[in-house]
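Below is one structure, written out as structure tokens, with a few remarks after it.
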Amino acid sequence: MMKPKIAIFSLTGCEGCSLAILELEDQLLDILQVVEIVNFREGMTERGWDIDIGFVDGAISTPEDKREVEELRKHSRVLVAIGACACLGGINTLKNHQPASEYRAYVYGDKAEWFPTMDAQPISAVVKVDYELPGCPMVKEEFLRFVKCMLTERPFRATANAVCVECKKKGVLCLYEKGIICLGPVTRGGCDAICPAYGSKCEGCRGVVSDEALAAAGVNLREQYDVPLDRVLADMRFHGAYQEKSLP
Amino acid sequence: MTTVDSSEREARADLYVPMSAQVVDVQQMTDLEVLLRAAFDGGRPLDHCPGQFVQVSVLGVGECPISVCSSPTRPDYFELCVRRVGEVTAHIHRLEKGSVIGIRGPLGRGFDVAELHGKDILIVAGGLGIAPARSLIQYVLDERQQFGAFHLLYGVRSPAELLYRDDLTLWRESPDVNFHVTVDRPDEQWRGRSGVVTTLFRELPQLDPTETMVAIIGPPLMFKFAVLEVLARRIPQNSIYCSLERRMKCGVGICGHCQVNNVYACLDGPVFKYGQLKALREALE
Amino acid sequence: MKNVTISVKHITRVEGHGNISVRVEDGEITELQLAIVESPRFFESFLRGRHYSEAPHIACRICGICSVGHTTASVNAMEAALAIEPSEQTVKLRKLIMFGEEMQSHVLHVLFLAVPDFLGVGSVLPLARTHPDVVKIALRLKRLSNDICGAVGGRHIHPIACHVGGLTHVPRDEELIDLKRRCEAARSDIAVVAETYAQFKIPGLERDTEYVCLKASDNGEYAFCSGDIVSTKDPKPTNVADYRKRIIEEVVRHSAAKHARSPHSPSYAVGALARFNNNYDQLHLAAKEVAEGLGLRPVNCNPFHNNTAQVIELVHCLESAIELIDELLTRGLAVEPLRQPTRFGQGAGAADVPRGTLIHDYSVDAKGYISEANLIIPTNQNLANIEADMRAYVPKLLESGLSREEMTLQLEMLVRAYDPCISCATHFLDVKWE
Amino acid sequence: MADRIIRHSDLMKLVDEVARKRRIIGPVARSVPECEPPVRYFYEDVERADQLDLSFRYCVYSPKRFLTPPSETLFAFDQDDGGFVAAPQYDRRPTALVGVHPCDIHAIRLYDRVFDLEHRDEHYFARRGATMIIGMDCPGPCTDGVFCKDMGANVAEAGFDAMLYPLGTDTDGDEMRYAVMFGTKAGREWLLYSRQSAAPNADDERAFEKYQADKEAAFSFALRTRREDLAELLGRSYDSLLWDATARRCYSCGSCNLSCPTCYCFDITDETDLASGSGRRWREWDGCHLPEFALVAGDHNFRPKAASRLRHRIYRKAVWIQERSGVVGCVGCARCDRACTAKINSVEIYNQLAEEA
Ligand SMILES: Cc1cc2nc3c(=O)[nH]c(=O)nc-3n(C[C@H](O)[C@H](O)[C@H](O)COP(=O)(O)OP(=O)(O)OC[C@H]3O[C@@H](n4cnc5c(N)ncnc54)[C@H](O)[C@@H]3O)c2cc1C
Ligand code: SF4
Ligand code: SF4
Ligand code: SF4
């Protein structure tokens, strides 16, 4: 079998997802045996453009991002969005809820015009994306599983289950028992419930698991819990998982 | 005598460990369906009953339930007809003559052949339903003297979907079976009958309600219509067999996936009597 | 060579997107820029309106490499704004996670990003073939430092358990014992790193520079998690609350990242070398020994020695982590409730993160929502200084008669020596497809 | 009649003795400052008896993970062109579960049946066979919402090696004393010949009788239907609108399934190494409330709606499992109800159905 040529790119984001690949310390050398990395600015100087699988982290937030991702799409046989920014728009979308003139002026003052920007979007808003590996950061074990699937020509499937499944498998005390509104029940699993496992509520970085779960959240938060809906809505916007103005 | 070390013995005793079998022949029947002929090492027969299934493993990919489509009267091998629909079945399609697959089974409850003996037989098969039906068809033909009249009705959507074309010719010409086939949507070349499978009931002579056993195997909608035809001929509910498909993982009644109300398709079925199914609200939904 | 144009689009092996452009005409530098072309990210804008408790978890998303550093600066600032006194256990755990952070970042920078230059290859990947032992050591050290962060925060990138008011999780004893054992075993790995590093030829570039960092006032520890602002030009400590007296930020056209100057210099440097120069006395003994071995003494003004200082800090962090783990094991750990605000107001806090002094400054309204935010990022503070270094370096390079390619590499190495973290510094993109 | 009487400190010594040969799993207190009381109990591996807290009221999760873990390898395989070799993997580490409440003992008895109904699951029995169970009786309901008495699971007569009954503190000191009943020979051997425990005297017998009587009084029924009548009740309720009405809240998160001590459904997956053909087949907990539990190729879902899944779970727990195995399918521990963040409550469901009927 030919070694697939892999490239890793970053748009608007923290590059934590690319870094997560380097953090597969134990498997990194094995991976390098079976794939060829042809383009990875954060880690290497060489740059190649014949790409089997292009991984992209970061959101679209400037006209340049948009142009770049369109180019990437052209050069990559398979394009994979990695991380919450690329899959959902991520933390960058928080600015979308403020007027552009305001958020620009706040940082760059009267020089704001020097730095073009636009509402942050997931890359699927601009180009066709073949696979998404969400998470903030991307779950490196899922990345590894993805690479294995590609190497063995098996389809990659993301779980359809909510975070609660992995949380229960780990035997974590549910945060609702501490009176915390955790986003686990409405968030797609695959992260091994790492946030609840470390005592913090799920922040929804892997996106909404299903419309049904979302609808149930709407009902429950109104009828079963005495919580300000705005707070929950703000939580759900944290990683761009949910952009609407109100819960269903 | 070969000695078996303990780990091998454990593997044999383990519910989940497949036995290895060799693919001895592969025949691409249509774009979607392949017919595999497989045999265990050393020629051990599968020892199944018509209507039973096996769990087929492609190691590293997974396992899926597939009906045995050949008759136990042909014990040197067993055959599997596999439609490519997903991950495991796609990998089954890549197998070649000589490939090794994993087999668990035979599993489940097939047709009660003892009960069928001496009876007139009507088999109604729709689409891929012909696969599990075929093991019974072959069985009846191989043990022809044990049965009374034998009617076989087979319907598919289009001529391209017809399976077992060699068999079809054989059956059409055989005096042993009253065989009729139809397609929903004929093409230019099609010279046979067209229409849904229930239209073939017109070809049947009068059935003796006390002496006829019926097997209806096919997609749920086809089953519903066919069962009406059969009931209209006063065949008792417990003389009508059908086969259920559900998601299966363990195949041995533990994992819960194939449960239909309070029965397990893998253990109590896949072959059920209509009388039994009727009580299962989820079965015919 | 009288006329040279150098243009590097997207300097590789740095975090984020930066371009170098230099034009020399008739032996005169007519243009010299380090352009930061990342997308502007507007963290300060969208922090406003969010709940105070979210600040560290939002701020850490500024940068994947130094997310622990941002978390630490953010909780420090927020606790200042809300007048929360963290518990002793919290303070200790925050120190531990910062040791992990400094180590992982320095390992990444020295061994993955900078070393390929010294060995004349384009990345760490070919080293996997030619120097497998070095790569294995690098991976092992990185893994260890990540695991230190993981034990405290849940993971290294965007730590989970670190919150305003404390931590929602504490490491188990077995984890700490295991980490300690691995830290001790890592001593020999770091020795190999130091030996390898000692063989490299560090380019000579001395330029009188002001070095700024935090200095611990209280217990005299080498400052990472807290302290006052000091510099080599002005050692009198300034409270972080008054950071504006020492750091003057301004927007420049060619950079989505702001530039900074001090009252004493038009540019200054922060980072490992700055800490080394100001806090040499507080270094762990073992680290001082390594410094001696590598021939580095304060105050050193060669920016390339930032890498050397990182190797020295690596030793310091490892040894300090071992001692701290012992302390934690003796005192025992238990989950504590998060401490709650005692007021809502304004406050600044800092941490000396791998790349230098990082300052967060928040105001929180009466309902607990952030109303103002200002973040001073180490890389921003270094940008003007890198340009100044380049200005000093280019004539030297021209004199030495290097080819354009060699000169380009030298300039890239200079930028890389600062280990700039451009995501942090904030962004804007310029993509040209050759 | 109790078989033995033992004091707490002696019990701890005996547990430490067991710990020399077996891994010990029992209730451990974890501080949770945000909760009232600020502590929750979990079954965990411990090295010494003093890490256990036998005064626990209930453990958040049942000990099922130690008998059938959230994920476990069924077999490892190696393959080449000529075929494959599969090596099943069994965990036979000698283990003792200490402090198991009657409800969880009933749940384990159910597992003992369902993993050996028509086919014997050696992976379960490898662990089970190596596990000693030391029960801890409940003098009263462990927490709000339980309906173990309704399900006949607040008392266990078998399914343990030894069962401890906390009789209360000594007259002379403040040390807990337990009456002990043996369930198996192993339990008997563990205690009978140790000098740490004593044969009960007449006072002890009276104390034990009083304990039983107090316990009987402490538990009350929560369901409006008797367990024996649940089958009939549900038989009439298949088309109730309650399923839809309740399930509109359901997230399909599966927390109810995964925290239930009697749920044992699983999924099976293969995994290969990066480079070689070797790998493993493993199973992991699954749940009938999860959206894809009954999904097959071609995207047909046999239970596409939360309402049908909720109904399935309730029928299974209340009727179907028992029909098949003869052992009660729900032990009334209310873990599902506590786990449900939508506050879907099985007691409420049963009672509402009873009211409808
Ligand atoms: C008793 C029985 C007999 C069958 N006989 C045949 C046959 O003779 N020929 C044939 O082509 N097909 C048959 N099927 C259907 C066949 O099992 C599925 O098409 C097959 O499982 C799809 O697997 P996949 O991995 O290719 O699909 P994917 O969609 O990739 O499915 C992944 C997994 O889901 C499960 N799954 C998905 N669909 C089904 C399904 N319909 N039934 C059970 N599990 C499923 C399996 O565990 C499978 O491994 C039978 C099914 C049953 C239950
Ligand atoms: S803590 Fe969150 S993810 Fe875990 S079970 Fe509770 S709601 Fe679900
Ligand atoms: S725990 Fe509640 S919300 Fe989750 S699947 Fe079960 S019933 Fe539905
Ligand atoms: S169904 Fe609920 S109450 Fe019954 S055993 Fe399971 S978790 Fe306990």
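Chains as they are written, first to last, in this note's numbering: chain W, 28 to 275; chain R, -4 to 280; chain S, 46 to 479; chain H, 2 to 358.
Glycine residues also receive a C-beta, built at the ideal position from the N, C-alpha and C atoms.
Residue-level contact to chain S via CB, residue i, 8 Å cutoff
i       : result
I221(W) : yes
P28(H)  : no
P34(H)  : yes
K272(W) : no
Cutoff 8 Å: residue i Cβ touching any chain R Cβ
i       : result
T247(H) : no
T39(W)  : no
A131(H) : no
Simplified DSSP assignment, three categories, for residue i
i        : result
R284(H)  : strand
D117(H)  : strand
G284(W)  : The question about residue 284(W) has no answer here: the residues shown for chain W are numbered 28 through 275.
P216(S)  : coil
M(-4)(R) : Low local confidence applies: a pLDDT of 35 at M(-4)(R) is under 50, so the model's placement there is unreliable, with the coordinate-based value given in what follows. Correct three-state label for M(-4)(R): coil.
K333(S)  : helix
K32(W)   : strand
D410(S)  : coil
N419(S)  : strand
Q327(S)  : helix
R94(W)   : helix
Q232(R)  : helix
D475(S)  : A caution first: D475(S) carries a pLDDT of 24, below 50, which makes its placement in the model unreliable, though a value can still be read off. In this structure, D475(S) counts as coil in the three-state DSSP scheme.
C-beta neighbour in chain W for residue i, strict 8 Å
i       : result
E240(R) : no
R250(H) : yes
C228(S) : no
V56(R)  : yes
D475(S) : Here D475(S) scores only 24 on pLDDT, less than 50, and its place in the model should not be relied on; the value that follows carries that caveat. Cβ-Cβ to chain W under 8 Å: yes for D475(S).
C186(H) : Checking the sequence shown, residue 186(H) turns out to be Lys, not Cys. Chain W, which has no Cβ nearer than 8 Å to the Cβ of K186(H), makes this no.
E82(R)  : yes
Neighbour flag for residue i against chain H, beta carbons, 8 Å
i       : result
A128(R) : no
S153(R) : no
K244(R) : yes
Short CB-CB distance (under 8 Å) between residue i and chain B
i      : result
E91(R) : Among the protein chains in the structure shown, which are W, R, S and H, there is no chain B.
Kindly provide the ranges of any beta strand (DSSP E) runs that are 3 or more residues long and lie completely inside the segment 20 to 82 of chain H, ordered along the chain.
-> Segments of the beta strand (DSSP E) lying fully in the segment 20 to 82 of chain H: 24 to 32, 40 to 47, 72 to 81.
Between the segment 145 to 154 of chain S and the segment 118 to 127 of chain S, do three or more beta carbon pairs fall short of 8 Å?
-> These segments do not touch.
Three or more C-beta pairs closer than 8 Å, one from the segment 29 to 38 of chain H and one from the segment 73 to 91 of chain H: is that the case here?
-> No, because fewer than three Cβ pairs between the segment 29 to 38 of chain H and the segment 73 to 91 of chain H fall closer than 8 Å, the two stretches do not touch.
Proximal residues, the segment 376 to 410 of chain S versus chain H, C-beta separation under 7 Å | Interface annotation for the segment 376 to 410 of chain S against chain H: A379, V380, E381, P382, criterion Cβ-Cβ distance under 7 Å.
May I ask you to list, following chain order, the residues of the segment 86 to 120 of chain H that have a beta carbon less than 9 Å from some beta carbon of chain R?
-> Residues of the segment 86 to 120 of chain H with a C-beta less than 9 Å from any C-beta of chain R: V86, A87, A88, P89, Y91, V115, F116, L118, E119, H120, listed in chain order.
Mind pulling the beta strand (DSSP E) runs of 3 or more residues that sit fully within the segment 166 to 222 of chain R?
-> Taking only runs of at least 3 residues, the beta strand (DSSP E) segments lying wholly in the segment 166 to 222 of chain R are 173 to 178, 207 to 212.
Listed from N- to C-terminal order along the chain, which residues in the segment 175 to 189 of chain W have their beta-carbon within a distance smaller than 9 Å of any beta-carbon of chain R?
-> When C-beta distances to chain R are compared with 9 Å, the residues of the segment 175 to 189 of chain W below that value are T179, E180, R181, P182, R184, in chain order.
Given 8 Å, three or more beta-carbon pairs between the segment 121 to 141 of chain W and the segment 179 to 193 of chain W = Contact fails between the segment 121 to 141 of chain W and the segment 179 to 193 of chain W, because fewer than three Cβ pairs, one in each stretch, are under 8 Å apart.
Considering only residues of the segment 433 to 469 of chain S, which uninterrupted beta strand (DSSP E) runs meet the minimum length of 3 residues and lie entirely inside it, listed in chain order?
-> As far as the segment 433 to 469 of chain S is concerned, it has no whole beta strand (DSSP E) run of at least 3 residues.
Residue ranges of each beta strand (DSSP E) within the segment 84 to 169 of chain H, 3 or longer | Taking only runs of at least 3 residues, the beta strand (DSSP E) segments lying wholly in the segment 84 to 169 of chain H are 84 to 89, 96 to 101, 132 to 137.
Below 8 Å, can you find three or more Cβ-Cβ pairs linking the segment 294 to 314 of chain H to the segment 237 to 256 of chain R?
-> With a cut-off of 8 Å on Cβ pairs, the segment 294 to 314 of chain H is in contact with the segment 237 to 256 of chain R, counting three or more such pairs.
Taking only runs that begin and end inside the segment 165 to 222 of chain S, name each unbroken alpha helix (DSSP H) of 4 or more residues, in chain order.
-> Restricting attention to alpha helix (DSSP H) runs no shorter than 4 residues, the segment 165 to 222 of chain S encloses them at 169 to 175, 177 to 198, ordered along the chain.
Which full runs of the alpha helix (DSSP H) of 4+ residues lie inside the segment 124 to 167 of chain S, going along the chain?
-> Segments of the alpha helix (DSSP H) lying fully in the segment 124 to 167 of chain S: 133 to 152, 160 to 163.
Using 8 Å as the Cβ pair cut-off and three pairs as the minimum, do the segment 448 to 456 of chain S and the segment 162 to 178 of chain H touch?
-> Output reads no: the segment 162 to 178 of chain H does not touch the segment 448 to 456 of chain S.
Are at least three pairs of beta-carbons, each pair with one atom in the segment 244 to 255 of chain W and one in the segment 263 to 279 of chain H, less than 8 Å apart?
-> Too few Cβ pairs lie closer than 8 Å, so no.
Tell me the start and end of each unbroken alpha helix (DSSP H) in the segment 94 to 145 of chain R that is at least 4 residues and wholly inside, in chain order.
-> Look at the segment 94 to 145 of chain R and you find these whole runs of alpha helix (DSSP H), each 4 residues long or longer: 108 to 111, 125 to 137.
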